[in-house]
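In my numbering, the protein residues as written are 790 to 1369. Report on the following structure.
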């Protein structure tokens, strides 16, 4: 018995060492993973597998020679060692009490108990009351889905990608803690969205800063405030509240403070590819994990995969991009000294379809000419109701821009604020109520025209100045009509494939079937000749803000004004700045 125990103990240590070095899966997973693996292995790895099998056979033979009742004790020693290995390197969560969500996009989604605890917090539940596509649902009636279900979808896809990388490349040493952290980051990446999602950080906050500057008020809003920063604050608030209920809630699932740091870094994304690795959550060999939720390197991440599929489904727009296929061909390769997620070279067209889908969604839905003006009106209503933009901060107004200072105040800020304004009787909110009333009654500014800019780097200020001059110079064909540039605001819309004027494919790494360990950017001759030469464009739009008086007489005047404005716009496009 003594000889056997010494042998089994030594062998267990040896097995553990091999597993640590090559991240070999547990015996229960070995055959399945071996059958799935299609990539060639190095000679060193093959030798290690061979040695492992031989020692396992020796262990089995020695174990069979032991007599009862000593055999039971010997088995417990071996089993404990193997369970330690399994616990560290297997992503099998079958023993956990997973909760099933029925999702219209991904089917039945199983979420880990820790993720369920997060979803059951007020900070996360508020996402049920934030429209995924802002005011777009007032043009596309089906687009009324919320940030809540999108966040569940991103968490699910995060787990799918991590599992595929783990199964195909066990040498990456992906642990259960890595898996949980990436999923939690996917779940919490949009916690910081405000009313109507991007309307808040894209329109309301910039307008609030502009108003403070005009009124000479102290501006304590960060210059580059984005919802990701608030997502991190909200996540901190969730962790704090969970620990109040159970101090060991993270420890019970194998997580610690370093993992919390890692999750927050994942939410914000690895912003640069500098030579020095500055992130604290994981070492540089795990850099590929930072590209799953928010990929700042090339924009390919599971956040987009979910909202492409989900938004197209609710908008009724066809989605030509197949994220399921791209998942299967994902692989980690070392490029320029750092591990990146790469894709098979034959998937280059599918990757381009992803970027093209982004452009299509922006062109047809997100930047739709009526959607944009509705969202501008929603933003104006919030700015008008913001007490922080008034001296003395009137108590009958609302905390809006100042709510970004604390997670507690921000958690109260959802789409429900519009109902709060509409139902209010406060005199200081009358202007906001009037704007929301116009939206509900469809009394929107009239669309005059749209043109594509052919000259680059033209600011809105230059365009506005040019347009005002054109309006003043224009002689209406109807002498009863006079145009006022203040009633005809100019808006500039930027459309691209995700990387401004750059070809996004040039930032993606691809590997080949013959050499799956080496990746590089795709060659021009490997891409379709039908791809565009230019990857961004700017549109200039003009609207007519009609009068509030909607008597028949004024309706006729407005109609004539719009007709004259359209003629003026056409002449401006023909004569100025190379517009057409």
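Yeah, the Cβ is synthetic: ideal placement off N, Cα and C, and Gly gets one too.
Asked, Found
"Between residue 976 and residue 1020, how many whole angstroms is the CB-CB distance? I'm expecting something under 8 Å.", "The pair is not a contact, with the Cβ atoms about 11 Å apart (cut-off 8 Å)."
"Looking at the secondary structure, which residues open and close the beta strand (DSSP E) in which residue 1155 lies?", "Careful: residue 1155 lies outside any beta strand (DSSP E) and carries neither H nor E."
"Locate the alpha helix (DSSP H) running through residue 1112, then write down its first and last residues.", "1112-1117"
"Residue 974 lies in the alpha helix (DSSP H); which residues open and close that run?", "965-977"
"May I ask you to verify whether the segment 1348-1361 touches the segment 1267-1278, counting CB pairs closer than 8 Å and requiring at least 3?", "yes"
"What residue ranges within the segment 976-1046 form continuous alpha helix (DSSP H) runs of no fewer than 4 residues, ordered along the chain?", "994-1004 and 1016-1034"
"Alpha carbons only, please: which of 1173, 1145, 1274 and 1254 is nearest the one belonging to residue 1321?", "1145"
"Taking all protein chains shown into account, decide if residue 824 is buried (16 or more other Cβ within 10 angstroms of its Cβ) or exposed.", "Confidence at residue 824 is low in this model, with a pLDDT of 39, below 50, so the placement of that residue should be treated as unreliable; the coordinate-derived value is given next. Classification for residue 824: exposed."
"If you drop the 5 nearest sequence neighbours on each side, which residues of the same chain put their C-beta closer than 8 Å to that of residue 1121?", "954, 958, 961, 1077, 1128, 1129, 1130 and 1131"
"Note down the Cα distance separating residue 945 from residue 1295, rounded to an integer number of angstroms.", "28 Å"
"Sort 1155, 1266, 864 and 1174 by Cα distance to residue 1191 and report the nearest one.", "1174"
"Could you check if residue 1135 is buried or exposed, using at least 16 other CB atoms within 10 Å of its CB as the buried criterion?", "exposed"
"Does DSSP put residue 896 in a helix, a strand or coil?", "strand"
"What do you reckon, is the C-beta of residue 961 under 7 Å from a heavy atom of the ligand FMN?", "In the structure on display, the ligand FMN does not appear, and there are no ligands present to speak of."
"Have a look at the DSSP bridge pairing and note the partners of residue 1285.", "1325"
"Are at least three pairs of beta-carbons, each pair with one atom in the segment 847-860 and one in the segment 896-910, less than 8 Å apart?", "no"
"Look at the alpha carbon of residue 896 and the alpha carbon of residue 1096, and state the distance between them as a whole number of angstroms.", "15 Å"
"Do residue 951 and residue 937 have their C-beta atoms closer together than 8 Å?", "no"
"Determine, using beta carbons only, whether residue 978 and residue 943 come nearer to each other than 8 Å.", "yes"
"Below 8 Å between beta carbons: does that hold for residue 1234 and residue 1162?", "yes"
"Under three-state DSSP, which class holds residue 1237?", "strand"
"Indicate the three-state DSSP secondary structure (helix, strand or coil) for residue 1340 in the structure shown.", "coil"
"Verify whether the separation of the beta carbon atoms of residue 1044 and residue 972 is less than 8 Å.", "no"
"Of all the options 1137, 927 and 1305, which has the alpha carbon lying nearest to the alpha carbon of residue 1167?", "927"
"For residue 1260, which residues in the same chain have their Cβ closer than 7 Å to its Cβ, ignoring the five residues on either side in sequence?", "1272, 1274, 1277 and 1357"
"Near residue 1315, what residues of its chain come up, given a Cβ to Cβ distance below 7 Å and the 5 sequence neighbours on each side ignored?", "1134 and 1137"
"Which residues in the same chain have their Cβ closer than 8 Å to the Cβ of residue 864, if we skip the five residues on either side of it in sequence?", "852"
"Nearest to residue 1363 by alpha carbon, out of 1313, 948 and 1243?", "1243"
"What does the Cβ neighbour count give for residue 1053, buried or exposed, with the cut at 16 atoms within 10 Å?", "buried"
"Please classify residue 1177: is it buried, with 16 or more other beta-carbons within 10 angstroms of its beta-carbon, or exposed?", "buried"
"Using the beta-carbon count (16 or more within 10 Å), is residue 1125 buried or exposed?", "exposed"
"Let me make sure I understand the geometry here. Which of 1041, 1081 and 1047 has the alpha-carbon closest to that of residue 1059?", "1081"
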